[in-house]
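First the structure, in the form of structure tokens, and then the observations on it.
There are 2 protein chains.
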Amino acid sequence: MGQVSVRDVARHAGVSVGTVSNALNRPDSVSPDALARVRASIGELGYVRNEAARNLRSGVTASIGLIVVDSQVPFFQDVGRGAADEAADRGIALLYGSSAEDPARERMYLDLFEEHRVRGLLIAPVGDVSRRLHQLRERGIRSVLVDRFSGEEPVSSVSVDNVAGGRMAVEHLLATGRRRIAFVGGPLTLRQVTDRLAGARVAADESGLPVSVEVVATETTSVAAGVAAGERLLAREPADRPDAVFAANDLVALGLLQAIVGDGRLRVPEDVAIMGFDDISFAAAAAVPLSSMRQPSTTIGATALRILLEESEDPDTIPRQTVYQPELVVRRSTVASA
Amino acid sequence: MGQVSVRDVARHAGVSVGTVSNALNRPDSVSPDALARVRASIGELGYVRNEAARNLRSGVTASIGLIVVDSQVPFFQDVGRGAADEAADRGIALLYGSSAEDPARERMYLDLFEEHRVRGLLIAPVGDVSRRLHQLRERGIRSVLVDRFSGEEPVSSVSVDNVAGGRMAVEHLLATGRRRIAFVGGPLTLRQVTDRLAGARVAADESGLPVSVEVVATETTSVAAGVAAGERLLAREPADRPDAVFAANDLVALGLLQAIVGDGRLRVPEDVAIMGFDDISFAAAAAVPLSSMRQPSTTIGATALRILLEESEDPDTIPRQTVYQPELVVRRSTVASA
DNA sequence: GAACGACCTTGAAACGTTTCATCGTTCGTT
DNA sequence: AACGAACGATGAAACGTTTCAAGGTCGTTC
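One line per chain: the protein sequences are A and B, in this order. Every letter in the first sequence is one number past the one before it in the working numbering, and letter 91, counting from 1, is 113. Every letter in the second sequence is one number past the one before it in the working numbering, and letter 21, counting from 1, is 43.
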């Protein structure tokens, strides 16, 4: 396989290799004549820059790593898409990895990406990676946390204000006349879940209304968990049932919807309102379109990538937290006429 | 930033750089004593192999590229996950790109990945890339087509038998007593769509029953297109309505389901059965769980990756087509008691 | 007409690996 | 005791690029 090198181009164009390199990277510093000849030769010979050699010599890599918790979760897919598109615009390749909620797998990707000397790392961590990220940073690889508030750590982060989101969600339910609210989700060790619940309680407390907020804990935030929780609610005495359910995310909400609508005894939203979180694309496509709190998922990915690039260019920038506010999206699962 | 190189390790362990390299890549050819010293030094110094230098010198890259049509389509997400997991097991990084149905974007990723000298390419093409893939192959980069039968081209492919899938879907509908079948999907220029339709017609023809197969064309295979098609069906005179709908994919089917169930006049499956294709994870989570044709999406991705690696190791292998058979998954949208 | 800048170009060094021909030891055989 | 195979270790060359000090060629200025 005859790989065409910068040397071949130089010979063909009748210039030195240094000039070819300049034509490629600093076209202004090359005479129009030489530039044209180099470009013609590149076309004729089919030269394609070797990124490995470029990286090796210059120390600058044109790739970044993305490690998400679960590639099956729509939210992370959107984040990834936002980051990938933003990277593509800059000619940067995205190394993709999913930890599948397995800390060992997460470490494996961290190692792999370090070997590739990625310019930086976008990560939604599952295990405790703060020491490792610190180490990477000392070795010149910056990280930005995604969907996680870094707070104490010396790392930038891009996330959503889950407390505010929970609060807005429940304020909406209260404003539409609901008073017996069930929060469905879990595990309650997950920061995103507890923040949303905390926000829900704030809304209830500050309303000055006689509101109850009951917690129906699930083991995961999945459709199946939502279905199971829905069946538990249906098995209750009618008087004990909530008149609104706030789900920790849309997957749980869709599960609830399936259980309740499928059962047929309760109408949504007349008998019970259902509120989700994330506004994944399937939320609007549900049998009863789902009200939800929209997260700017692709924007989160794009912003995280931009911050990462800025920081990797100037290693002295200090970490910062970017927090987006979620947005209420009202559909028929909470308001019949929506 | 003090990058630790193989030279530093050699010095620290009291051996030559060649021995360090051997310890890393051919541990059997190094004496136990030297091996131990090298490994100790690696740990102590925090040495991390530089993949760019390795790649440059050896000509072997530890990364492959994946280009999908649309990162929003669940099917491709599953394919990508299958490929990524398989790659991770081998310590290979996955460069991820989505063409977003834009041929220019697709070309951009092809160029980018060539610069990275990926070992090979997994691609679900949108534009006409056969010439480009041929060129890449001559330059040592093999490709495997995903979700596309290569047929004429000298490229391997991994796909699903869409004709058989369409046939099995309609056979199921006929077996459950349906006779007036509507096929909903589009555009009819898309091979996957026309194959599924062709299969549907085969089933109808071969059944020997008085069956009608009507085509309701949509512009895309999306939830929105499904909703629109559903509304069109509802607007018809009851006598003109089909008793079963076979959707080109699950997104369309979910749209149909939303329109029909939401409307409330028709019951699913009593009045109309709905059959999807792909068996995406949300199919089971729909208000009325959706019958569908399951594609082994992650297996497709994993297989494509394996084939790619085999071919890139031995450039003389001849391209082959791998075709999987889809599998009928019966749920309540076609059979009330399922 | 000499001196000076401005502007391009040059060519060798360097990046961190792997490769490979060569060299030293050791040990079993004769 | 001599030989040779087997085994490990060595170190310089090479991969394809970027970088950079140095050199070359003009035109301008005094």
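Virtual Cβ for every residue (Gly too), placed ideally from N, Cα, C.
With a threshold of 7 Å between beta-carbons, can residue i be considered close to chain A, or not?
{"i": "serine 38 (chain B)", "result": "no"}
{"i": "leucine 134 (chain B)", "result": "yes"}
{"i": "phenylalanine 304 (chain B)", "result": "yes"}
{"i": "tyrosine 118 (chain B)", "result": "yes"}
{"i": "alanine 307 (chain B)", "result": "yes"}
{"i": "glutamine 99 (chain B)", "result": "yes"}
{"i": "serine 359 (chain B)", "result": "no"}
{"i": "alanine 74 (chain B)", "result": "yes"}
{"i": "asparagine 77 (chain B)", "result": "yes"}
{"i": "arginine 71 (chain B)", "result": "yes"}
{"i": "valine 245 (chain B)", "result": "yes"}
State yes or no: is the beta carbon of residue i nearer than 7 Å to at least one beta carbon in chain B?
{"i": "methionine 23 (chain A)", "result": "In this predicted model, methionine 23 (chain A) has a pLDDT of only 46, less than 50, meaning its place in the structure is not dependable enough to derive any value."}
{"i": "glutamate 361 (chain A)", "result": "Since the first residue shown for chain A is 23 and the last is 360, residue 361 (chain A) is missing from the structure and cannot be characterised."}
{"i": "arginine 103 (chain A)", "result": "yes"}
{"i": "glutamate 228 (chain A)", "result": "no"}
{"i": "valine 283 (chain A)", "result": "yes"}
{"i": "alanine 250 (chain A)", "result": "no"}
{"i": "leucine 276 (chain A)", "result": "yes"}
{"i": "isoleucine 93 (chain A)", "result": "Position check: residue 93 (chain A) holds serine in this sequence, whereas isoleucine was assumed. Judged by the 7 Å Cβ criterion, serine 93 (chain A) is in contact with chain B."}
{"i": "alanine 115 (chain A)", "result": "yes"}
{"i": "glutamine 280 (chain A)", "result": "yes"}
From the DSSP secondary-structure annotation, give me the bridge partner or partners of residue i.
{"i": "phenylalanine 205 (chain B)", "result": "B:Val237 and B:Phe268"}
{"i": "valine 90 (chain A)", "result": "A:Ser120"}
{"i": "tyrosine 385 (chain A)", "result": "Look at the range of chain A in this structure, 23 to 360, and you will see that residue 385 (chain A) is not part of it."}
{"i": "isoleucine 145 (chain A)", "result": "A:Ile89 and A:Leu167"}
{"i": "valine 26 (chain B)", "result": "Valine 26 (chain B) pairs with nothing; no bridge assigned."}
{"i": "valine 351 (chain B)", "result": "B:Ser314"}
{"i": "alanine 226 (chain A)", "result": "DSSP output for alanine 226 (chain A) lists no bridge partner at all."}
{"i": "alanine 115 (chain A)", "result": "A:Ser85"}
Between residue i and the rest of its own chain, which residues show a CB-CB distance below 6 Å, the 5 nearest in sequence each way excluded?
{"i": "proline 96 (chain B)", "result": "Ile302"}
{"i": "glutamate 108 (chain B)", "result": "Ala324 and Leu327"}
{"i": "alanine 204 (chain B)", "result": "Glu236, Val238, Pro264 and Val267"}
{"i": "methionine 23 (chain B)", "result": "With a pLDDT of 46 at methionine 23 (chain B), under the threshold of 50, the modelled position of this residue cannot be trusted; read the value that follows with caution. Closer than 6 Å at the Cβ level, and outside the excluded window around methionine 23 (chain B), lies no residue."}
{"i": "arginine 139 (chain B)", "result": "Thr83"}
{"i": "aspartate 169 (chain A)", "result": "Ala146 and Ser181"}
{"i": "valine 224 (chain B)", "result": "Arg189"}
{"i": "valine 351 (chain B)", "result": "Asp301, Ser314 and Arg316"}
{"i": "arginine 372 (chain A)", "result": "Here chain A has residues from 23 to 360 only, and residue 372 (chain A) is not among them."}
{"i": "valine 166 (chain B)", "result": "Leu144, Ser178, Ala326, Ile329 and Leu330"}
{"i": "tyrosine 69 (chain B)", "result": "Val26 and Val31"}
{"i": "glutamate 333 (chain A)", "result": "Arg164 and Thr339"}
{"i": "alanine 220 (chain A)", "result": "Val185"}
{"i": "aspartate 157 (chain B)", "result": "Looking at the sequence shown, residue 157 (chain B) is not aspartate but glutamine. The answer is none, since no qualifying residue turns up."}
Keeping to the same chain, check which residues put their C-beta closer than 8 Å to that of residue i; ignore five residues upstream and five downstream.
{"i": "asparagine 44 (chain B)", "result": "Ser51 and Val52"}
{"i": "alanine 56 (chain A)", "result": "Ala35, Val37, Thr41 and Ala45"}
{"i": "glycine 148 (chain B)", "result": "Inspection of the sequence shows that residue 148 (chain B) is occupied by valine rather than by glycine. Hits under 8 Å: Val91, Ser121, Glu123, Asp124, Pro125 and Glu128."}
{"i": "leucine 288 (chain A)", "result": "Leu256, Arg263, Ile282 and Val294"}
{"i": "glutamate 292 (chain B)", "result": "Ala358"}
{"i": "alanine 20 (chain B)", "result": "What is shown of chain B runs 23 to 360, which leaves residue 20 (chain B) out entirely."}
Can you list, in chain order, the residues of its chain with a C-beta nearer than 7 Å to that of residue i? Leave out the 5 residues immediately preceding and following it.
{"i": "glutamate 253 (chain B)", "result": "Ala281"}
{"i": "alanine 106 (chain A)", "result": "Leu116"}
{"i": "serine 63 (chain B)", "result": "Val31, His34 and Ala35"}
Unbroken stretches of the alpha helix (DSSP H), 4 residues or longer, contained in the region 148 to 203 of chain B: As far as the region 148 to 203 of chain B is concerned, its whole alpha helix (DSSP H) runs of at least 4 residues are 152 to 160 and 184 to 197.
Meets three-Cβ-pair contact criterion under 8 Å: the region 339 to 357 of chain A and the region 118 to 135 of chain A: Not touching, per the Cβ criterion.
Any beta strand (DSSP E) of 3 or more consecutive residues that is wholly inside the region 309 to 349 of chain A: As for any beta strand (DSSP E) of minimum length 3 sitting wholly inside the region 309 to 349 of chain A, the runs are 314 to 316 and 343 to 346, ordered along the chain.
Residue ranges of each alpha helix (DSSP H) within the region 254 to 307 of chain B, 4 or longer: Unbroken alpha helix (DSSP H) stretches of 4 residues or longer found wholly inside the region 254 to 307 of chain B: 272 to 285, given in chain order.
Meets three-Cβ-pair contact criterion under 8 Å: the region 68 to 77 of chain A and the region 86 to 94 of chain B: Three or more Cβ pairs closer than 8 Å define a contact, and the region 68 to 77 of chain A falls short of that threshold against the region 86 to 94 of chain B.
Segment contact, 8 Å Cβ cut-off, at least three pairs: the region 302 to 321 of chain B with the region 99 to 107 of chain B: The region 302 to 321 of chain B makes contact with the region 99 to 107 of chain B: 3 or more CB pairs, one atom from each, lie closer than 8 Å.
Segment contact, 8 Å Cβ cut-off, at least three pairs: the region 306 to 315 of chain A with the region 270 to 278 of chain A: Here the region 306 to 315 of chain A makes contact with the region 270 to 278 of chain A; the two share three or more CB pairs at distances below 8 Å.
Stretch-stretch touch, CB-based, cutoff 8 Å, three pairs: the region 205 to 220 of chain B with the region 242 to 251 of chain B: By the Cβ criterion, the region 205 to 220 of chain B is in contact with the region 242 to 251 of chain B, since at least three pairs of Cβ atoms, one from each stretch, lie closer than 8 Å.
Every unbroken beta strand (DSSP E) within the region 29 to 111 of chain A, with a cutoff of 3 residues, ordered by chain: Considered as a whole, the region 29 to 111 of chain A harbours 85 to 90 as its complete beta strand (DSSP E) runs of no fewer than 3 residues, in chain order.
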